[in-house]
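Order-wise, the sequence lines are chains V and U. All letters in the first sequence, in the order written, are residues -17 to 172 by this note's numbering. All letters in the second sequence, in the order written, are residues -17 to 172 by this note's numbering.
There are 2 protein chains.
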Amino acid sequence: MAGRPVDHRRRLELLDAVVDYAVENGFSELSWRPVAAALDVSTNTLVHHFGSKEHLLVAILGRLRERILAATAELLGAQHDLAAAARAAWEQTSQPARAAEFRLFFAVYGRALQAPEQFADFLDRVVADWMAALRAAQGPDVAPAVADREATLVIATLRGLLLDLLTTGDRARVEGAADRFLATLARPED
Amino acid sequence: MAGRPVDHRRRLELLDAVVDYAVENGFSELSWRPVAAALDVSTNTLVHHFGSKEHLLVAILGRLRERILAATAELLGAQHDLAAAARAAWEQTSQPARAAEFRLFFAVYGRALQAPEQFADFLDRVVADWMAALRAAQGPDVAPAVADREATLVIATLRGLLLDLLTTGDRARVEGAADRFLATLARPED
DNA sequence: CTATTCTTTAAACGTTCGTACCAGAAATTT
DNA sequence: AAATTTCTGGTACGAACGTTTAAAGAATAG
């Protein structure tokens, strides 16, 4: 038993660079050669580390989801209630600097919806991860059924608002709606 | 001045068939030849009517948006207030039979977000059309700023919930969140 | 040092892509 | 009937695609 060890760090380094590329240049027409050229490696370096195009796409979806979750998860954990967590999440995700990242997010999300078997892992986690975080933000005193309902509504509303913001760029209008939503959260009616 | 007239009906007939194809077979890898084979026409028939691949994609986005809007617009007009309109829209769009259509919707939406110049028309209308319908549903007595805010929130929330439903298929949970949202709409707090 | 495995690049393969060109059939006006 | 334009299908072309193969360099274990 000998030989050069597998370089997992190198794979992740390449993957992050590919995700960066997809953020900037789009996801729908991604192909080996332009990506490799942009990263200044040979196409076969990418093929070697990712195996096939299909595997690369799955890896991109996984890494992007991971990145987005990581950027907000710890922030959510520090909040004392759902309203605060939702506001923190909104303020984080609606930053102009992250717009391109979320445009890619919705692009890959839509693609995953049309190929659910190929991207099953993404679809399994893209809601569930946030559900877990937003359930936790409500503490142990909220009934599970209510916590689920509230978490679901927060995820849906924030994603829908983000979609609108990325579409229209009408920040004043979208922020107004976000404030309205976050205000109702702060004053639960039941 | 003579010659065979342009057959616009034929173009629309083909376009609808292409959209149907995209609903069933996905949008990301659409190409002339498989579509033409499925429609039992030559590839050149499609090229002749749509000009180029880019134009075809734009036409697909436009037609899909048009279809979805048409299926709901008149329904919304018949409602007497925003809560009723929102509920009608949700019941319409969350039908299992229309799931594939909305998976395509989110797929093309995501793609449009990463190529905003190419799909500017789609992006200009995909929010604005619904804004107009949901502003109208609130009647003339609601202040414009409030009507905008409420309409924005309804669009975002319903789209976010639909995204969740298509992702997880967890209808009970998503319906619960939808009911919660629609209930808050029925009892406006300010 | 040797053996082994991983990493990287270059070259080439067959396939599919979008598009252009051509010719015939169909539909309209004069 | 003649002229003109659209519609359709067959063929072909160059480009780009994903993938495979072969070979050289790098890093580990014995």
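Glycine is no exception: its CB is placed at the ideal position from the N, C-alpha and C atoms.
Contact list for residue i against chain U, beta-carbon separation under 8 Å
i: Q96/V; result: G8, F9, S10, R85, L86, A89
i: R(-9)/V; result: None at all; the shortest Cβ gap to chain U is about 29 Å.
Nearest residue (CA-CA) to residue i, options the options
i: P147/V; options: A82/V, V5/V, I42/V, D22/V; result: Pro is not the amino acid found at residue 147/V; the sequence shown has Leu there. Minimum Cα distance to L147/V is reached at A82/V.
i: A20/V; options: V128/V, L43/V, L(-4)/V; result: L(-4)/V
i: L144/U; options: L135/V, D152/V, T150/V, T149/V; result: L135/V
i: V156/U; options: A119/U, T166/U, G142/U; result: G142/U
i: A118/V; options: S76/V, P(-13)/V, G59/V; result: G59/V
i: V108/V; options: E48/V, P122/V, D130/V; result: E48/V
i: R153/V; options: V124/V, P78/V, Q74/V; result: P78/V
i: A102/U; options: G121/U, W72/U, E36/U; result: E36/U
i: A160/V; options: R69/V, R(-8)/V, A110/V; result: R69/V
i: A115/V; options: D63/V, Q100/V, T166/V; result: D63/V
i: S76/V; options: T139/V, A(-1)/V, D(-11)/V; result: T139/V
i: A226/U; options: A165/U, L46/U, T149/U; result: The requested residue 226/U is not part of the displayed model; chain U covers only -17 to 172.
Host alpha helix (DSSP H) of residue i (start-end)
i: H62/V; result: Looking at the DSSP string, H62/V is not in any alpha helix (DSSP H), and its letter there is neither H nor E.
i: R80/V; result: Taken as a continuous stretch (DSSP letters only), R80/V belongs to no alpha helix (DSSP H), as it is neither H nor E.
i: E11/U; result: Per DSSP, E11/U belongs to no alpha helix (DSSP H) and is neither H nor E.
i: P126/U; result: 126 to 150
i: V156/U; result: 153 to 168
i: D103/U; result: 102 to 118
Proximal chain U residues relative to residue i, where beta-carbon distance stays under 7 Å
i: T150/V; result: V109
i: R93/V; result: S10, A89, G92
Interface partners of residue i on chain V, CB under 7 Å
i: V156/U; result: T134
i: R80/U; result: Within 7 Å Cβ-Cβ: nothing; R80/U doesn't reach chain V, min ~13 Å.
Proximity below 7 Å, CB of residue i to CB of residue j
i: A89/V; j: G92/U; result: yes
i: A65/U; j: A168/U; result: yes
i: L86/V; j: V5/V; result: yes
i: R131/U; j: G158/V; result: yes
i: V1/V; j: I42/V; result: yes
i: T25/U; j: W14/U; result: yes
i: A133/U; j: M113/U; result: yes
i: H31/U; j: R(-7)/U; result: yes
i: A110/V; j: Q120/V; result: no
i: A182/V; j: Q61/V; result: Only positions -17 to 172 of chain V appear in this structure, which leaves residue 182/V out of reach.
i: L105/U; j: T149/V; result: yes
Neighbour list for residue i in chain V, Cβ cutoff strictly below 8 Å
i: I137/U; result: G142, D146
i: R131/U; result: R155, G158, A159, R162
i: L258/U; result: Here chain U has residues from -17 to 172 only, and residue 258/U is not among them.
Interface partners of residue i on chain V, CB under 9 Å
i: T54/U; result: Going along chain V, no residue has its Cβ under 9 Å from T54/U, so there is no contact; the nearest lies around 16 Å.
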